[in-house]
Amino acid sequence: MTSAGDLPGQPRGGVVSGPATARAVNVLAPNPSPMTLDGTNTWIVSEPGSDLAVVIDPGPLDEAHLNRVVAVAEESGQRVALTLLTHGHPDHAEGAGRFAELTGSSVRALDPALRLGEEGLAAGDVVTTGGLELRVVPTPGHTADSLSFHLPADRAVLTGDTVLGRGTTMVAHPDGRLGDYLDSLRRLRSLTVDDGVHTVLPGHGPVLDDAQGSVEFYLAHRAHRLAQVETAVEEGFLTPSRVVARVYADVDRSLWPAAELSVRAQLEYLREHGLIPEKT
Numbered sequence: 035m036t037s038a039g040d041l042p043g044q045p046r047g048g049v050v051s052g053p054a055t056a057r058a059v060n061v062l063a064p065n066p067s068p069m070t071l072d073g074t075n076t077w078i079v080s081e082p083g084s085d086l087a088v089v090i091d092p093g094p095l096d097e098a099h100l101n102r103v104v105a106v107a108e109e110s111g112q113r114v115a116l117t118l119l120t121h122g123h124p125d126h127a128e129g130a131g132r133f134a135e136l137t138g139s140s141v142r143a144l145d146p147a148l149r150l151g152e153e154g155l156a157a158g159d160v161v162t163t164g165g166l167e168l169r170v171v172p173t174p175g176h177t178a179d180s181l182s183f184h185l186p187a188d189r190a191v192l193t194g195d196t197v198l199g200r201g202t203t204m205v206a207h208p209d210g211r212l213g214d215y216l217d218s219l220r221r222l223r224s225l226t227v228d229d230g231v232h233t234v235l236p237g238h239g240p241v242l243d244d245a246q247g248s249v250e251f252y253l254a255h256r257a258h259r260l261a262q263v264e265t266a267v268e269e270g271f272l273t274p275s276r277v278v279a280r281v282y283a284d285v286d287r288s289l290w291p292a293a294e295l296s297v298r299a300q301l302e303y304l305r306e307h308g309l310i311p312e313k314t
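In the working numbering, the protein residues as written are 35 to 314.
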């Protein structure tokens, strides 16, 4: 889910279904909106030559889309053996149950309520299916259950809504927390520095070929917005809605409800760090 405009210097075109890396293929869900950009990116990930595939975020409960994902895998001679979820928002996870019925695959997620099967996902887990290696990276902040998946063989990371291909994401207060989100961005930055990750395969929007630059932009953007919110409070804008009107005046009003969630998370963060009074 997005809450801002284009990332400077990044692709601005629409996403199309098809290969993104040697191991990852995108099937775009037909659910475009101001919050989902071009739609949800459903990722089919597999080791070259393998007859088994992993699907990440089957997307909304849209029968045609779910069947299309199965068909794309089958056209490559693959069977979907496992479904993974980056988080539980409906545009990513609502179709998971039906997709499991269509494929016979289990569904693994951090949140036990989203799982179908005995196994969940946790920090440090390594998913190995058909020779593929995916490393589970906890990235809470957008939501408490948000995960990313490091695909080391392609020097890529699948980020769900933590980093988008266009725009910036909201911190979905109260489930999402800004402190957690900043820590998650730093964790992703470490992947780009220490593990050579250069490609972001996002949950919405185009693929990003400068992972480090994108994460650095996100960190700078968050610092800038936080300073703006702090200044707005000092100027007497004391309610979340008034802060949104002051700080997000240049953002499409259709995104103000999402912006207000982020503002609530920012106000909470500022209070916790003693930067604004508790009474605001």
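Even glycine gets a Cβ: it sits at the ideal position worked out from N, Cα and C.
What residue does the alpha helix (DSSP H) around residue i start on, and which one ends it?
i      : result
Leu301 : 290-306
Pro172 : Premise fails: Pro172 lies in the beta strand (DSSP E), 166-172, not in any alpha helix (DSSP H).
Asn101 : 97-109
Arg280 : 274-281
Ser224 : 212-228
His258 : 245-268
Using only CA atoms, which one of the options lies nearest to residue i?
i      : options                        : result
Glu152 : Arg223, Leu116, Asp228         : Leu116
Ser218 : Phe183, Pro53, Glu312, Arg132  : Phe183
Val231 : Asp188, Gln112, Asp214         : Asp188
Arg223 : Gly201, Thr203, Leu253, Asp243 : Leu253
Leu119 : Pro146, Asp91, Phe133          : Asp91
Ala157 : Ser296, Val197, Arg221, Ala127 : Arg221
Leu260 : Asp244, Leu216, Asp286         : Leu216
Ala293 : Val161, Ala87, Gln262, Met204  : Met204
Thr76  : Ala147, Thr193, Asp159, Gly175 : Thr193
In its own chain, which residues sit with a C-beta less than 7 Å from the C-beta of residue i, not counting the 5 before and 5 after it?
i      : result
Asp125 : Asn65, Thr70, Thr74, Gly93, Pro94
Val104 : Val114, Leu136, Thr137
Asp286 : Pro68
Ala245 : Val191, Thr226, Val231, His232, Thr233, Val234
Can you tell me where the beta strand (DSSP E) holding residue i begins and where it ends?
i      : result
Thr120 : Neither: Thr120 is in no beta strand (DSSP E) and is coded neither H nor E.
Ser140 : 140-142
Gly194 : 190-194
Ala130 : Where Ala130 is concerned, there is no enclosing beta strand (DSSP E), although the alpha helix (DSSP H) it sits in stretches over 130-137.
His184 : 181-185
Pro124 : Premise fails: Pro124 lies in the alpha helix (DSSP H), 124-127, not in any beta strand (DSSP E).
Leu86  : 86-90
Given residue i, which residues of its chain have a CB within under 8 Å of its CB, disregarding the five upstream and five downstream residues?
i      : result
Glu306 : Gly213
Tell me, to the nearest whole angstrom, how far the beta carbon of residue i is from that of residue j; I am working on the premise that it is less than 8 Å.
i      : j     : result
Gly164 : Asp85 : 7 Å
Ala107 : Ala87 : 5 Å
> Does the region 131-142 touch the region 96-115, meaning 3 or more C-beta pairs lie closer than 8 Å?
Replying inline: Yes, since at least three Cβ pairs between the region 96-115 and the region 131-142 fall closer than 8 Å, the two stretches touch.
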